[in-house]
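Asks: Count along the sequence shown from 1, then add 88; that gives the number in the working numbering. Have a look at this one.
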Amino acid sequence: MPSIVDIFNDDAFSATSLTAAINVVPNDYGRLRELNLFPEEPIPTTTVAVEYANGTLNLLPTRERGAPSSLGMPEKRQVRSFEAFHVPHDDFVRADDVQNILARVGSAGVLESVQTLVNRKQITMRRKHAITLEHMRMGALRGEILDSDGSSLLNLFTTFGVTQQSVDFVLGTATTDVKAKARSVVSYMEDNLEGEVMTGVHVLASPEWYEKFIGHAKVEEIYKYYDGQNNPLRQDVRRGFPFHGLTIEEYRGSAQYLQEDGTYATRRFVPAGEAIAFPLGTMDVFRTYFAPADFMDTVNTLGEQIYVRQAVDPEFQRWVKIHSQSNPLPLVKRPKLLVKLTSSN
């Protein structure tokens, strides 16, 4: 009968195999992943230097042929350095788990059965990393990345020295010109692209803000005689409907986190009564970087989404620890383009 050490010495449980296996597990979690808002880029270091050049496009004057050309002025450049976050998570396969498998399937099928057990644990670990990444990305989209306990990891507005634009839609007042409010959001982004481009403006709204918006008298009036698709008066359009340059979508992302007293609480990724507007189709505003793991053999290699290693209990061989880690850095390089939407009544 194979021992637990023999089983986990198989190539199926090597660091390469385990890392490849967990990265093959599809990440099915996250609206931001579905929108492909934060393209992923592996990096060989743990830090990213972002160069911010306030380049502006100006009209070029005409000249007589043979006359001196106009000269480009040197750009004012600033470099900011960001460090990838380290997110480790461990699980265990215990001797009793393997013993029960041996009793059930016998020695002939134990390798495949233990692989199934490990794969099941890896799927759970993958999902935990996925929801953590969505939480970080959503934090970046709101301008401040938070840790699981709610403490601040990175405030993009402070780091870039900008103040977030906020628009109060005053949805509790029936006469509010919501069309003008929506257009003001789009106009603000267009005026602050500073050499960037965009194809549209998307809004992820808390259920409270969303319900107030679609129930507003002016919105109902606009869609009252509209026979096309995505009519909020006749259809469930929580996945998004157009309104004067905005695509407005209800967002219910949330996750549980462990509190100091050992109980779990739920954090919503978009606070009640708020919404966040952001540009789509940009060239380089959003990015998720993945740094290499803190292993000797991954130094200066391109980072993977997730790494996995296993180690046997060195004292009594009672368990095998499955160690996973991800080293992501979701960034919004133009936080000035993130607009908070509220309603004061």
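Even for Gly, the Cβ is constructed at its ideal location relative to N, Cα and C.
Any chance you could list the alpha helix (DSSP H) runs of at least 4 consecutive residues sitting entirely within the stretch 230-268, in chain order?
Replies: Entirely contained in the stretch 230-268, the alpha helix (DSSP H) runs reaching 4 residues are, in chain order, 244-248.
Asks: Mapping DSSP to helix, strand and coil, what is Gly143?
Replies: Residue placement at Gly143 is flagged as unreliable, the pLDDT there being 49, under the threshold of 50; a coordinate-derived value is accordingly withheld.
Asks: Hey, quick one: how far does the beta strand (DSSP E) through Glu338 stretch, first residue to last?
Replies: Where Glu338 is concerned, the enclosing beta strand (DSSP E) stretches over 334-338.
Asks: Do you know how far the Cα of Ile364 is from the Cα of Arg214?
Replies: Near 27 angstroms, if we compare the C-alpha coordinates of Ile364 and Arg214.
Asks: By alpha-carbon positions, which one of Glu403, Ser342, Ser201 ends up nearest to Arg225?
Replies: It is Ser342.
Asks: DSSP three-state call for Ala137: helix, strand or coil?
Replies: Ala137: strand per DSSP, three-state reduction.
Asks: Answer yes or no: do Gly231 and Trp297 have a C-beta to C-beta separation smaller than 8 angstroms?
Replies: Contact: no.
Asks: Please classify Pro423 as buried or exposed, where buried requires at least 16 other C-beta atoms within 10 Å of its C-beta.
Replies: Buried, by the Cβ-count rule.
Asks: Residues in its own chain within less than 7 angstroms of Val241 by CB, not counting five upstream and five downstream?
Replies: The amino acid occupying residue 241 in the given sequence is Leu; Val does not appear at that position. Excluding residues within five positions, the ones whose Cβ falls inside 7 angstroms are Phe173, Ile233, Leu234, Asp235.
Asks: If you reduce the DSSP assignment to three classes, tell me which class Met89 lands in.
Replies: The pLDDT assigned to Met89 is 46, lower than 50, so where the model puts this residue is not dependable, and the model offers no usable value.
Asks: Residue ranges of each beta strand (DSSP E) run of no fewer than 3 residues wholly in the stretch 372-425, ordered along the chain?
Replies: Listed in chain order, the complete beta strand (DSSP E) runs (minimum 3 residues) inside the stretch 372-425 are 374-378, 395-400, 407-414, 416-420.
Asks: Using only the alpha-carbon positions, how far apart do His223 and Gln210 sit?
Replies: C-alpha separation (whole angstroms): 20 angstroms.
Asks: With a threshold of 6 angstroms on Cβ separation, who are the neighbours of His217 within its own chain once the five nearest residues in sequence on each side are excluded?
Replies: Excluding residues within five positions, the ones whose Cβ falls inside 6 angstroms are Ile394, Ser414.
Asks: Sort Leu123, Thr107, Ala108 by Cα distance to Glu337 and report the nearest one.
Replies: Minimum Cα distance to Glu337 is reached at Leu123.
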